[in-house]
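Count the sequence shown with the working numbering and you get residues 1 to 88, in order.
The beta carbon of each residue, even a glycine, is placed where N, CA and C say it ideally should be.
No experiment lies behind these values; they were computed from the predicted model shown.
Let me begin by presenting the structure, written as C-alpha cells, before commenting on it.
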Amino acid sequence: MVDVDDESLCLLCAEPALAGEDCVVTGSFLTRRDPLWRYAGRALHRRCFRVWSRREEFVRKFNAVMRDYASMDAQGNVRESLDGSWRD
Ligand SMILES: [Zn+2]
C-alpha cells in the first residue's frame, strides 16, 4: 500500500490526481475501523482502480454501505439513486 497523505494524490500510484483526469471518486463512506477507509473520499485514477487488488472488496463495501443512495459497478462508475439524496 502506498503511504500518501497529500489528498491531491491518487493513493494507488502516489501520482497527482488532477482535475479532468478520469478518476473514481466516492464520499467518505467507511469508518476508520475499516482497512479500506483511506480509499473512501479520495480520488483514485480509474486506470489504477481497474488493476487494484482490492477493487472487488471496495466495490462490495460501497454497494453495501450506500445501497439506499448509490451503486458502483466493477469499473468504479457510481450511479446515484433517482431521488438524488446522495451527493458528493
Ligand atoms: Zn493512480
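- About 17 Å separates the Cβ atoms of Met-72 and Val-51, ruling out a contact at the 8 Å cut-off.
- From the listed residues Gln-75, Ala-74, Glu-80, the smallest Cα separation to Arg-67 is found for Glu-80.
- In terms of side-chain proximity, the C-beta atom of Leu-12 is found nearer than 6 Å to a non-hydrogen atom of ligand 1.
- Rounded to the nearest whole angstrom, the CA to CA distance from Glu-57 to Ala-40 is 12 Å.
- Each residue's CA atom was taken as its position, placing Glu-21 and Phe-62 some 22 Å apart.
- In the DSSP assignment, Glu-57 falls outside any beta strand (DSSP E) and lies within the alpha helix (DSSP H) extending over 55-65.
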